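Taking it in order: structure first as structure tokens, then the write-up.
Number of protein chains: 2
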Amino acid sequence: MRTSIATVCLSGTLEEKMLACAKAGFDGIEIFEQDLLVSPMSPEEVRALAARLGLTLDLFQPFRDFEGVEPQLLQANLHRAEAKFKLMTRLGMDMMLLCSNVGTATINDDELFVSQIRQLADLAAGYGIRIAYEALAWGTYVNTYQHSWEIARQVDRENVGICLDSFHILSRGDDPEAIAQIPGEKIFFVQLADAPVLSMDILSWSRHYRVFPGQGGFKLDEFLGAIARSGYAGIISLEIFNDVFRQSNVERTAVDGLRSLNLLQSQTAALLDAQGIGSALALQALPGGQKANGFDFTEIRTEDPEPVARLLAQLGFEFRGQHRRKPVQLFSAGGARIIINSQRSRGVTAAVSGFGVQVPDPAAAGERAVQLLARPVPRQHLRNEADLPGFNAPDNTEVFFGATGDAGGWEAEFGVHESGAAAEHPALIQCIDHLNLAQPWQSFDESVLFYTSVLNLQALPGTEVPSPMGLVRSQVLATGDNAVRLALNIVPHGLEEAIDRNHEYPEHIAVRTGDIITLARNAVADGMDFLHIPANYYEDLAARFDLEPQLLQTLQELNLLYDRDEHGEFLHFYTETIGNMFFEVVERRDGYDGYGAPNAPIRLAAQFERNRWSRH
Amino acid sequence: MRTSIATVCLSGTLEEKMLACAKAGFDGIEIFEQDLLVSPMSPEEVRALAARLGLTLDLFQPFRDFEGVEPQLLQANLHRAEAKFKLMTRLGMDMMLLCSNVGTATINDDELFVSQIRQLADLAAGYGIRIAYEALAWGTYVNTYQHSWEIARQVDRENVGICLDSFHILSRGDDPEAIAQIPGEKIFFVQLADAPVLSMDILSWSRHYRVFPGQGGFKLDEFLGAIARSGYAGIISLEIFNDVFRQSNVERTAVDGLRSLNLLQSQTAALLDAQGIGSALALQALPGGQKANGFDFTEIRTEDPEPVARLLAQLGFEFRGQHRRKPVQLFSAGGARIIINSQRSRGVTAAVSGFGVQVPDPAAAGERAVQLLARPVPRQHLRNEADLPGFNAPDNTEVFFGATGDAGGWEAEFGVHESGAAAEHPALIQCIDHLNLAQPWQSFDESVLFYTSVLNLQALPGTEVPSPMGLVRSQVLATGDNAVRLALNIVPHGLEEAIDRNHEYPEHIAVRTGDIITLARNAVADGMDFLHIPANYYEDLAARFDLEPQLLQTLQELNLLYDRDEHGEFLHFYTETIGNMFFEVVERRDGYDGYGAPNAPIRLAAQFERNRWSRH
């Protein structure tokens, strides 16, 4: 599939945008006119730079407010168009996007639209230029693809076809199915955009909140399937207006965009295969996504391993061994394995730096990640050491693929020869329940797409948690069976400043137990520091739930939090923060599947309060 | 008027919120339950702290999802309520907010609502507690104030009345007029919130975008007028859910809130006076707002005055004198006066630090500012020096009031004894046209309220300008006759980083001329650095406007930008940036009244491009 992207999706100068698109691997770009206008590069320089970078210049856009006007304005519009045709000739471009009139149209008459666009087409033909007519969702008179196609059909010129933009069609709730009936050669261009499900006016939604395919709520595989069935064999491009992308690193946004197209073409190929339909789009399939069976390990980076090691021991973890060659220690409890890594960690007090998941075929999972443009972690193993495929997530977490049930491979490097159950007493901890990872606000959508596509996780509905310094946006990603769960948090700027002197929001590792009360008592006996929960919380628990007084007292005594849903009960506690991380211990009773969301504000306020005092 | 504010409006811990409310000058607060829940303070401590601070605890809120439920759930709800009544008793509070059910109501039956709320009332009566029933705009069955009043009326208990929240009424487009017919003593509480005009679902709008009165689009003077006419004599409170306020400095937000109430009560008093209606609310009027006649001066702070002085000379400004006592220089051209201040400016390359406006009665303007809680600038004058009332705006700009036509007062301190026209040649510059001031994102709404209330300016509709690093939000504030105009800009984080090494977005002073071409030619002859405008811009001008080729050539030669509207033409240029500021020169032909908005992206991109190279 030939891929393209509109320059308006990206930040920076036109030159920076072009370099980033080429580096990411796009085949071409759409020139958003304003990007050219503000550029010191001449059209000839842009053309030459594109040629050197191997980028095609696919679409000049947008040309606005042309048709449906009085004769005098039509002449001014044709004058304006001809100037742009001359400019396009200098750029070496042959296709212009014509948006349906949203401003100056005063006459609602299809025949007039047809005759005026025909005049434009004949003028364009003299320059060898084709016109792709697009119905904007808020066009004054033309705002559906059926209508734009009807007009283009009646214009009846070889150099006039339509442009289809998924946003303009799906935002209105229109059915894309009829696209399949349009002759593919009369579809001149296809632009894709996804969008979160928001109830707001379509114009604001479009101008600020578009996202790359897979980051929103539209069914773009079905949309692209309909395009494919029309016989369209051209370019698939991205046109995203997004307030955050406009401010983000241009190279990363370009990679994020191409990743979204690689995923989408694979999904669409699968859809068409299932229906037994071929496509002229040459859709490329990815190696199949694998369901992870669970966490393989979680890695903490720290200059000084002692405080973390002590905390792990208090929680019931056993030391399993020191890496034979590196300053790396392995701890485990039940199926939960935690690595403390002190390599290249000068100045790092403690931070969650990576994790592994277990999949049936790590090599295939790695190959899929590569095709999804994941950035490989630089290899640090010797020839006879385990070689787990590893990648940097957008939040800089390192993500590795290990083989299901094959821990022996890398555990042997820690001198561990028996798998599991080396402890004297059975561990109260069963496994890693979930990881909570902080996300920079600029890369939240990118992270969600990365984890859902590369780790094959599903995104659950997002929530917002009030804290003393703003709302924390939270998004859970999980395998269908919850064997692997990640909670991504975006933290308001003010909270970062308040909660940590490095302006970083702490991440945490949640481990699961079947007996949180015994585990907490053991930890108390070992002198562990719990995050202190205020007394008012327990009074409110008593008002909300019909709890045994004895249980309530135990909860308060041990700083345990409590939640209940229609399935069961949830008990959990938090440790004090070390550097930039802390632990949570959870017990899930009778199929409770949430994360204690009502308690999250309590935790944030307690950490804020704690930090406030340590700041004084 | 007795004022209150809900703790949910503010950032920080409950203690910090209470301290900030007392310091700002509120009479009382509403306790938002979650703020208490997450606090380590016991109810007794909260009560004692409030007493010490002189704050009344006016409303305990919210109590949710009570009425319209099955008998078993009713019992649980009564249990929950009684726990809260006991808590309120410990807090010494006697009024609870009951929100109409949005979640658990399953039976749509007014009689059932009445009988269940009556049970709640009778339980509350035992604790001396009153219930204020509020219709949420998205209540399942009860969502209008008429409906909540009808139910409260039928409940027919002395301790049950209603709470009226302007957001829930005005967001639905409901007419508040009928409030005047409700007996004032049955209105137990009034909450005010404004909101920008947005088309989105009401719940999201309410939870994220509420603002203080005067910062949005609701007609709150009419709303409060209807409240007053009901005979209500109680507390007027603020309940604002705003994503930005939650992250902002708690003391500033509290002041911002009380300022909004002081302005609103004055506006409402004027409205009622005009209608010849008295009010039990004891509304306090402010000294009347005065229309400024123009800018008195603009002040630039800089460690080294030479680069700015040179630029001013190139633009045609004359040096008028040095302050007799301080390192401060005065320049003027026509009616434009610019002060270069080198006091306390170590490390400041150049920044717009303040400005004065001329009003008929500066002392009264200063008194109004004080009553609007503006922070006075520390006085720096001696007894025999001019004493202009001065205040710090939220963006830290110093704002002064001078007397109309009375420049001699302070000019004399610069050894200037003749007013104006000291230059050999008539100045091409006529006056200061407008100032463009950068705003921190946290204080944009606060700034708009400050400048509109303290300087008595009107806010025009806002716009957004694309830049290479994100959208710049822009808001013009002006007197009705445009004698004083300010353009406030919020700059995306990424742009700040890109455009300036101090992460500050440059501000600018725009001066007006009647002959920009001669002025620009003079500046070229004097060797001035212009901001360079790319050639592509002039090609686009030729496509969009039917310009004389000679004029187009002159524009391009002089780096002038051009715009036209239905009134007339606009020509302008920008200087290079010095430190954190630059100048713009504008010529308005035939009543053009805008700011060349289509050219703003060109300017931003050119500055970005310029900076990019200076960074390399």
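Respectively, the protein sequence lines represent chains A and B. For the first sequence, the numbering used here assigns the number 2 to the initial residue and increments by one for each residue that follows. For the second sequence, the numbering used here assigns the number 2 to the initial residue and increments by one for each residue that follows. Using N, Cα and C, we set each Cβ at its ideal position, and we do this for glycine too. If you're wondering where the values come from, they're calculated on a predicted model, not measured in any experiment.
Query                                                                                                                                                                      : Result
How would you list, in chain order, the residues of chain B whose beta-carbon sits under 8 Å from the beta-carbon of residue 540/A?                                        : 84 and 88
Give the interface partners of residue 1/A over in chain B, defined as CB-CB distance under 9 Å, in chain order.                                                           : Residue 1/A is absent from the structure shown; chain A starts at 2 and stops at 617.
Which value, in whole angstroms, describes the spacing of the CA atoms of residue 515/A and residue 571/A?                                                                 : 11 Å
In the DSSP assignment, what residue or residues form a beta bridge with residue 224/A?                                                                                    : Answer is none; residue 224/A lacks a bridge partner.
Using C-beta distances below 6 Å, list every residue in its chain close to residue 26/A, excluding the 5 sequence neighbours before and after it, in chain order.          : 259
How many angstroms separate the CA atom of residue 557/A from the CA atom of residue 536/A?                                                                                : 7 Å
Terminal residues of the continuous beta strand (DSSP E) containing residue 581/A?                                                                                         : Careful: residue 581/A lies outside any beta strand (DSSP E) and carries neither H nor E.
Tell me the DSSP secondary structure of residue 160/A in three-state form.                                                                                                 : coil
With 8 Å as the threshold, decide whether the Cβ of residue 602/A is near any Cβ in chain B.                                                                               : yes
Comparing the C-beta of residue 274/A with each C-beta of chain B, is any distance below 8 Å?                                                                              : no
Tell me, please, whether the CB atom of residue 606/A is closer than 8 Å to any CB atom in chain B?                                                                        : yes
My understanding is that residue 399/A touches residue 371/A, with C-beta atoms under 8 Å, so please give their C-beta distance in whole angstroms.                        : No, residue 399/A and residue 371/A are not in contact; Cβ-Cβ is about 15 Å, not under 8 Å.
Quick check on residue 599/A: does DSSP put it in helix, strand or coil?                                                                                                   : helix
Are there 16 or more other CB atoms within 10 angstroms of the CB of residue 241/B, so buried, or fewer, so exposed?                                                       : buried
Which runs of the beta strand (DSSP E) spanning at least 3 residues fall entirely within the stretch 24-106 of chain B, listed in chain order?                             : 29-33, 57-64 and 96-100
Quick one: using the 10 Å Cβ neighbour count with 16 as the cut-off for buried, is residue 275/B buried or exposed?                                                        : exposed
Using alpha carbons as the reference points, say which of 522/B, 104/B and 72/B lies closest to residue 64/B.                                                              : 104/B
Here's the rule: buried if 16 or more other CB atoms are within 10 angstroms of the residue's CB, otherwise exposed. What is residue 289/B?                                : exposed
Once you ignore the five residues that flank residue 324/B on each side, which residues in its own chain have a CB closer than 6 Å to its CB?                              : 414 and 415
Run the CB neighbour count on residue 568/A, radius 10 Å, all protein chains shown included, and call it buried at 16 or more, exposed below.                              : exposed
Chain B partners of residue 200/A, CB-CB under 8 Å?                                                                                                                        : 201, 202 and 205
So the candidates are 490/A, 376/A, 43/A and 547/A; which of them puts its Cα closest to the Cα of residue 393/A?                                                          : 376/A
Output yes or no for whether 8 Å exceeds the beta carbon distance between residue 123/A and residue 152/A.                                                                 : no
Rounding to the nearest angstrom, what Cα-Cα distance links residue 317/B and residue 309/B in this structure?                                                             : 13 Å
With 8 Å as the threshold, decide whether the Cβ of residue 464/B is near any Cβ in chain A.                                                                               : no
List the whole-angstrom C-beta distance separating residue 146/B from residue 99/B, where the pair is believed to meet the contact cut-off of C-beta under 8 Å.            : Contact flag wrong, Cβ pair sits at about 14 Å.
In chain A, what lies closer than 8 Å to residue 585/B by C-beta?                                                                                                          : Within chain A, no residue comes near residue 585/B; the closest Cβ sits about 17 Å away, beyond 8 Å.
Give the DSSP-derived three-state secondary structure of residue 573/B in the structure shown.                                                                             : strand
Output yes if chain B places a C-beta closer than 8 Å to the C-beta of residue 107/A; else output no.                                                                      : no
With distances taken between CB atoms, is the gap from residue 189/A to residue 94/A smaller than 8 Å?                                                                     : no
Note down the Cα distance separating residue 298/B from residue 357/B, rounded to an integer number of angstroms.                                                          : 5 Å
Contact defined as beta carbons within less than 8 Å: I believe residue 339/A pairs with residue 329/A. What is the distance between those atoms, to the nearest angstrom? : The pair is not a contact, with the Cβ atoms about 11 Å apart (cut-off 8 Å).
What do you get for residue 281/A, buried or exposed, if any count of 16 or more other CB atoms within 10 angstroms of its CB means buried?                                : exposed
Which partner residues does residue 210/B have in the DSSP bridge list?                                                                                                    : 243/B
Find the nearest neighbour of residue 47/A within the set 581/A, 28/A, 75/A and 17/A, judged by alpha-carbon distance.                                                     : 17/A
Does residue 607/B pass the burial test, meaning 16 or more other C-beta atoms within 10 Å, or should it be called exposed?                                                : buried
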